[in-house]
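Presented below is the structure to which this report refers.
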Amino acid sequence: MGMMQSPLLESIKKASFFNVFSEEEKGKLVERRAMFKRYEKKGLIIFSEGDKGDSMFVVLSGTIHITKLVKPDKEENKASLEKPKHTVIANMEAGSILGEIALLTGQTRTTYAITGSPLVVVMEINQEAMYSFNLAIQNKFHKQLISTLIGRLNTINKKFVNLKEENLKIKKYCDDLKKEKRTS
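Structure, rendered in structure tokens:
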């Protein structure tokens, strides 16, 4: 009869970040219980903008909102004492990674990470933990980080091109309006 697998191991097997890891390597990851964190309430802050950054997170279950604090427009709210509000810029689902720039550079966090579901389980990996694994596992972490960063860079490039195209359309529309105004 087969051995029951732990829920953590099952979660790691489902996370695409770990697709290149062997079964044995996934088992070694699960042995490091201290790297796994469980958040049991929606709205909990995992990290804040400005925090020292030296780790990344792999979302194993639940949703994490990546947010920025946006201050109210001063013109619109002259007499308002309204506080800055969190604006969601990304939703990270199971299998996603976040904080990878901080892991690689040690830079402070540039966003907030807030639990977006009643139960969130993450694997937090700092440099010390990553480099305590054997070389094969370290190389797989690096490969997956590079792959993720390339994917995100490609996404940003596509969004930039789309914004540039939209900007040109708006500029043309404004130019056409100016011409119409001059001729009328």
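Letter 124 of the sequence shown, counting from 1, is numbered 119 in the numbering used here, and no numbers are missing.
Quick reminder that beta carbons are idealized off the backbone N, C-alpha and C, glycines included.
Bear in mind the structure is a predicted one, so any value in this text is a computation, not a measurement.
Under the rule that a run must span 4 or more residues, the alpha helix (DSSP H) segments found entirely inside the segment 30 to 111 read 95 to 100. For Asn14, the three-state secondary structure derived from DSSP is coil.
Per DSSP, Asn129 lies in no beta strand (DSSP E) segment and is marked neither H nor E.
Inter-segment contact for the segment 148 to 168 and the segment 50 to 68 is absent: fewer than three beta-carbon pairs are separated by less than 8 Å.
In this structure, the beta-carbon distance from Leu144 to Glu95 falls below 8 Å. Around the beta carbon of His137, a 10 Å sphere encloses fewer than 16 other beta carbons of the protein chains shown; the residue is thus reported as exposed.
A straight line joining the alpha-carbon of Gln122 with that of Phe128 spans about 10 Å. Counting along the chain, the unbroken alpha helix (DSSP H) around Leu4 starts and ends at 2 to 9. It is roughly 20 Å from the alpha-carbon of His81 to the alpha-carbon of Ile92. For Ser43, same chain residues with a beta-carbon under 6 Å away, outside a window of 5 residues either side, are Tyr107 in chain order.
At the C-beta level, Val117 and Leu55 come within 8 Å of one another.
By the neighbour-count definition (other C-beta atoms within 10 Å, threshold 16), Ala85 is an exposed residue.
Cβ-Cβ distances below 8 Å link Leu98 to Gly48, Asp49, Ser50, Met51, Ile120, Asn121, Gln122, Met125, Leu140 in the same chain, with the five nearest sequence neighbours on each side left out; the list follows chain order. The closest CA to that of Glu88, considering only Glu77, Gly101, Val115, Asp170, is found on Val115.
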